[in-house]
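Just so it is clear: in the sequence shown, position 163 is 163 by this note's numbering, and no numbers are missing.
Down below is the structure, laid out as structure tokens.
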Amino acid sequence: MKEASLWKLVEAIVIRIVPGLLNIATLLYIGSHLETGQYGIFSTTIATVSFISTLVFGVATYSIMPVSAKMHAAGMGREYVSSILTVLAVVALFVVLAGLALTWMGFGNAVAATIIVSFGLHTALQEILRSQLRLWAYGWSAIGQAVAYQAGAIILLVGDAKVGSALAAFSLSYFVGALISFAFLGP
Numbered sequence: 001m002k003e004a005s006l007w008k009l010v011e012a013i014v015i016r017i018v019p020g021l022l023n024i025a026t027l028l029y030i031g032s033h034l035e036t037g038q039y040g041i042f043s044t045t046i047a048t049v050s051f052i053s054t055l056v057f058g059v060a061t062y063s064i065m066p067v068s069a070k071m072h073a074a075g076m077g078r079e080y081v082s083s084i085l086t087v088l089a090v091v092a093l094f095v096v097l098a099g100l101a102l103t104w105m106g107f108g109n110a111v112a113a114t115i116i117v118s119f120g121l122h123t124a125l126q127e128i129l130r131s132q133l134r135l136w137a138y139g140w141s142a143i144g145q146a147v148a149y150q151a152g153a154i155i156l157l158v159g160d161a162k163v164g165s166a167l168a169a170f171s172l173s174y175f176v177g178a179l180i181s182f183a184f185l186g187p
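Spelled out as structure tokens, the structure:
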């Protein structure tokens, strides 16, 4: 029993520390490839767009944990997850269409819209995994996102590094994380 408990502790530590360390390494890599002003634009864009994503997807995301247990206890766990996924898909579609319209009119940026969607979906899907107490799935999804971020930054920032490339790596990594989280979802 002690060995199993020790393994759970190690697993819990790894799934929390590894993604953070990988993301820090990626940010240092991006910082070494972008000029100071470009890194300022990059970090400000990430902070702003992540905040907007939280506003757009927040209601769905933050309602998952309190409602999920009640729905599973009532035998409606599958229906609840299905309804949350439907809401997330509708919100994502709205953001994509709004982003395309704003980009077409010259007021927006398509990469910003993809960050809003990918970050929002990943966060919400992670919350579903957390509500189902699938911490290992939550951890592997976070590790997958961090590895994808690092790989994307290395691939996209080769040569002439640009802010758009760093933002694309960020967006793609959260899309990968969302796909991994979605793959781990269940009843």
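Built from N, CA and C at the ideal position, the CB exists for glycine as well.
Within 8 Å, strictly: CB atoms of residue i and residue j
{"i": "Pro19", "j": "Ala168", "result": "no"}
{"i": "Ser181", "j": "Gln126", "result": "yes"}
{"i": "Gly177", "j": "Ala142", "result": "yes"}
{"i": "Phe42", "j": "Ala166", "result": "yes"}
{"i": "Ala60", "j": "Val91", "result": "yes"}
{"i": "Leu191", "j": "His33", "result": "Nothing in the structure corresponds to residue 191, since the chain is present only between 1 and 187."}
{"i": "Ala25", "j": "Leu135", "result": "no"}
{"i": "Ser171", "j": "Val111", "result": "yes"}
{"i": "Val56", "j": "Ile115", "result": "no"}
As assigned by DSSP and simplified to three states, the class of residue i
{"i": "Lys8", "result": "helix"}
{"i": "Arg130", "result": "helix"}
{"i": "Val163", "result": "helix"}
{"i": "Glu35", "result": "coil"}
{"i": "Val56", "result": "helix"}
{"i": "Phe51", "result": "helix"}
{"i": "Gly152", "result": "helix"}
{"i": "Met105", "result": "coil"}
{"i": "Gly75", "result": "coil"}
{"i": "Val91", "result": "helix"}
Near the ligand FMN: residue i beta-carbon under 7 Å from a heavy atom
{"i": "Ala124", "result": "No copy of the ligand FMN appears in this structure; indeed no ligand is present at all."}
Distance, residue j Cα to residue i Cα
{"i": "Leu85", "j": "Gly58", "result": "14 Å"}
{"i": "Val95", "j": "Phe175", "result": "15 Å"}
{"i": "Leu28", "j": "Thr44", "result": "16 Å"}
{"i": "Ala98", "j": "Gly40", "result": "26 Å"}
{"i": "Ile154", "j": "Leu9", "result": "32 Å"}
{"i": "Ser192", "j": "Ala137", "result": "The structure shown does not extend to residue 192, since the chain is modelled only from 1 to 187, so the question has no answer here."}
{"i": "Gly77", "j": "Met65", "result": "12 Å"}
{"i": "Gly106", "j": "Ala113", "result": "13 Å"}
Exposed unless 16 or more other CB atoms sit within 10 angstroms - verdict on residue i
{"i": "Ser5", "result": "exposed"}
{"i": "Ile128", "result": "buried"}
{"i": "Ile17", "result": "exposed"}
{"i": "Ser82", "result": "exposed"}
{"i": "Trp140", "result": "buried"}
Reference residue i; option with closest CA among the options
{"i": "Ile46", "options": "Ile13, Ala183 and Gly164", "result": "Gly164"}
{"i": "Leu22", "options": "Ser173, Leu55 and Ala178", "result": "Ser173"}
{"i": "Val67", "options": "Arg130, Lys2, Gly31 and His122", "result": "Arg130"}
{"i": "Ser53", "options": "Ile13, Phe119 and Ala110", "result": "Phe119"}
{"i": "Ile30", "options": "Leu185, Val14, Gly152 and Phe184", "result": "Gly152"}
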